[in-house]
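Chains as they are written, first to last, in my numbering: chain A, 925 to 1360; chain B, 925 to 1360. Notes follow the structure.
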């Protein structure tokens, strides 16, 4: 006998969870489509060489193996590198600009820990082939519209610009590209290890530099009117020309967003947002649910203007974001914003004698033909059992077909919420009660 | 530079294909739910030991490797063995009977050939925990309702019973379980290698037996009224008691189906349907599109009453079917029943001057707020380019915002189907034209 279990770090979704996830995905896809994003699919398995580009620290977490043809292959660990490969391969057919969304599972052999899975779902949306700030603005609009579509009201997209961080690094004495990367990787840990932890790590990396003022600035978050905020930080423009460029682009982005009907509480500047991944080159962002800050970012992204450079001589500027669906679902669950049902049927049809299965099938079919999802209980049992089944799964109505009902071609309907039962109804009367 | 390509036997889906697939999946899920089937999810990766149960010939096609923790793991090659594991693991929480659907990708390292992929999508629906014939009837109803929901009219579910085949084998002198399996595996190739090919292979396996009459009976297909058909084959009941049981169950199944509002052309008996997989124990079926017989079965399944036996001492009878989505999509494409669009937006908003991006964003937002999917062209270019973009992708309307439109807060709308263009419309008038 084999013990039935999933691999450590992997999990099943039972109907209640799978239905909640499905409802969230439907709403997200509908928002993506409303902006003209179209779905694409790439394989779960790719040549390993395609995945190891820009993978950084994640590289050692990739599930890699040799396939039947001795090719080095790997399971994708995100949907961005496959997108880079996809764009380089298909851009002639696609036509640019190209706006795609992709909802799919990715795999990372991380150390197993509570709430972290080795297979998880990402919802990505990206705008490829244009360097226009409109695209950056649109990705942020999509994030906000997505979370609102899920019933969330209290959340913030925290926005920064890589050029601001790069300029600050330079202003405080760090110039080499690798040094800036190392510095930003430490800054990225700010929320995890705190200011003192960051200062300590920086001391080891750059023993001759003082990062107190640097960290004070990096720790600046907009907290109030954006126009006032940009006035307050305008002095930073004198520090460095790249910083100036980044800050001015951020201001123009806010101009675009502020003219739209969007609550300005939903997007704010945060100079500490660095995003670990190497491929970002411009505006970057993370998104937190206000009352669940410890949850971390539920949607992150930014501009990457050289993504396909390993695959093509042509340059494809791009900007996009990714919703971490598993984490978002935890948040929605916490805030009681997910559906909680274990059945897709509103009506359970129960029959008392096997000879009446044909009539029962007809009744169930009639409900379905009237757009009411109806399930037929397949066994002949004492009524207690199908009723407890309906209670357990969440059917709204139970239809009972006893001897009398079958003889008169009627049905008995019990409303499981109110407990009210009406006997010997015609089908049309029952349908009217179910549709009320 | 790395060549951007997918692994042999794997493929991308471009927007047009991914949208067509998504539309089909939405319709299928909606049918599954109308019968009370609920979704579940299992991981793509499982302990290899779970997958190699009952895998038969497919065993060597499994993508197997050692994970970071040196566990022997494998990518699932179907969704039925994971279901067996799932049911044994979760039946206490689930409650029985349990009706699940699962839409997911599976992996088989088959020899690459045209139209066959190594990663493909299956849509499974199964009814677990009941041996009632109602469940068998319902699975067949779901197949028929699914194909009808996709616009298909000319198709047949070909039904048989394992007990009929087993009884026939015995009647013609083959008694041992392994011998019957070997015999049925050859019968399963009937459509591929023809009657003579089958007879030749059987001669090698069982040199002392004559299968001419056996094959004549196995080749019997219902072609006309079912009641007449069952009368014609009633003499077979004298051959063997198991055969009699199977044939009578098939008759009762037809009684159930015939009392429903279903075209009786959609389900027919075919004694040659064997289904290669070892786990089937009762009624089995395959589904063909009448005008595309060479396509093979688009939906197959049957009853398996011992599926979880490797995982649990408890017995879980079950019946289910699986739609081979990739093959079905080929059929739908052939019959021109798939949507053919590369955009999810009906309206493309184009702006002539970068200073007007804010107004353009507002116009696009207003369309979305009125439930019209609207895309904003992100670049400032000669009108030829965005118009050819809209032609290429399939937008129904293009909105142009020139100097005059921006000044008067109006817009110019071009219907891309009729070619009619109306200038300087108010937003509400434009919305009315788009909604016509």
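Where is the CB? At the ideal position from N, CA and C, for every residue including glycine. The structure presented is a predicted model; accordingly, all values stated were derived computationally and were not measured.
Annotation for residue 1028 of chain B: no alpha helix (DSSP H) segment contains it, though the beta strand (DSSP E) segment containing it runs 1022-1031.
Taking the Cβ atoms as the reference, residue 1244 of chain A lies roughly 6 angstroms from residue 1051 of chain A, within the contact range of under 8 angstroms. Assignment of residue 988 of chain A by DSSP, reduced to helix, strand and coil, places it in the strand class. Counting every other CB atom within 10 Å of its CB across the protein chains shown gives residue 932 of chain B a total below 16, marking it as exposed. Less than 8 angstroms separates the beta-carbon of residue 1301 of chain A from that of residue 1273 of chain A.
For residue 1166 of chain B, the uninterrupted alpha helix (DSSP H) run begins and ends at 1165-1182, by DSSP.
Residues are counted here when their Cβ sits less than 8 angstroms from a Cβ of chain B; for the region 964-980 of chain A these are 964, 965, 966, 967, 968, 969, 970, 971, 973, 974 and 977, given in chain order. Apart from sequence neighbours up to five positions away, the residues of its chain that approach residue 1036 of chain A with a beta-carbon distance below 6 angstroms are 932 and 933, ordered along the chain. By the Cβ test, the region 1059-1079 of chain A is not in contact with the region 1140-1147 of chain A, since fewer than three Cβ pairs between them sit closer than 8 angstroms. Straight-line measurement puts the Cα of residue 1130 of chain A at about 29 angstroms from the Cα of residue 1224 of chain A.
Per the C-alpha coordinates, the member of B/942, B/929, B/1338 and B/928 positioned closest to residue 1249 of chain B is B/942. When CB distances to chain B are screened at a threshold of 9 angstroms, not a single residue of the region 1116-1135 of chain A falls below it.
Looking only at B/1213, B/927, B/940 and B/930, the smallest Cα-Cα distance to residue 1264 of chain B is reached by B/940. Look at residue 1014 of chain A here: in three-state DSSP terms it is helix.
For the region 1050-1096 of chain A, the continuous beta strand (DSSP E) assignments of 3+ residues that do not extend past its boundaries occur at 1079-1085, in sequence order.
In terms of Cα proximity to residue 1217 of chain A, the closest of A/1079, A/984 and A/976 is A/1079. Cα atoms of residue 1054 of chain A and residue 1075 of chain B: separation of roughly 39 angstroms, rounded to the nearest angstrom. Residue-level contact by beta carbon fails for residue 1339 of chain A and chain B, as no gap is shorter than 8 angstroms. When C-beta distances to chain B are compared with 9 angstroms, the residues of the region 1296-1322 of chain A below that value are 1296, 1297, 1298, 1299, 1300, 1301, 1302, 1303, 1304, 1312, 1313, 1316, 1317 and 1319, in chain order. Look at the region 1215-1302 of chain A and you find these whole runs of alpha helix (DSSP H), each 4 residues long or longer: 1249-1258 and 1281-1293. The shortest CA-to-CA distance from residue 1277 of chain A to any of A/1044, A/968 and A/1326 is the one to A/1326.
The region 1233-1242 of chain A makes no contact with the region 1253-1267 of chain A, as fewer than three CB pairs between them are under 8 angstroms. When 7 angstroms is used as the limit between beta carbons, residue 987 of chain A is near these residues of chain B: 991, in chain order.
In the three-state DSSP reduction, residue 946 of chain A falls in the helix class (H, G or I). For the pair residue 1126 of chain B and residue 1321 of chain A, the Cα-to-Cα distance works out to about 55 angstroms. A straight-line Cα-Cα distance of about 22 angstroms links residue 1305 of chain B and residue 1266 of chain B.
Bounds of any beta strand (DSSP E) do not take in residue 1306 of chain B, whose DSSP letter is neither H nor E. Residue 1064 of chain B is not a Cβ neighbour of residue 1153 of chain B, given a cutoff of 8 angstroms. One Cα belongs to residue 969 of chain B, the other to residue 1020 of chain B, and the distance between them is close to 26 angstroms.
At least one CB of chain B lies nearer than 8 angstroms to the CB of residue 1043 of chain A. Under DSSP, residue 963 of chain A forms a beta bridge with A/1025. Against residue 1145 of chain A, chain B offers no close residue; the least beta-carbon distance is about 26 angstroms (beta-carbon pairs closer than 7 angstroms). Below the 7 angstroms Cβ cutoff, chain A contributes 1302 as neighbours of residue 1059 of chain B, in chain order. Exclusion of the five residues before and after residue 1315 of chain B leaves 1340 as the residues of its chain whose Cβ lies within less than 8 angstroms of its Cβ.
Interface residue (Cβ-Cβ distance to chain A less than 8 angstroms): residue 1083 of chain B is not classified as such.
Judged by their CB atoms, residue 1138 of chain B and residue 1096 of chain B are nearer to each other than the 8 angstroms cut-off.
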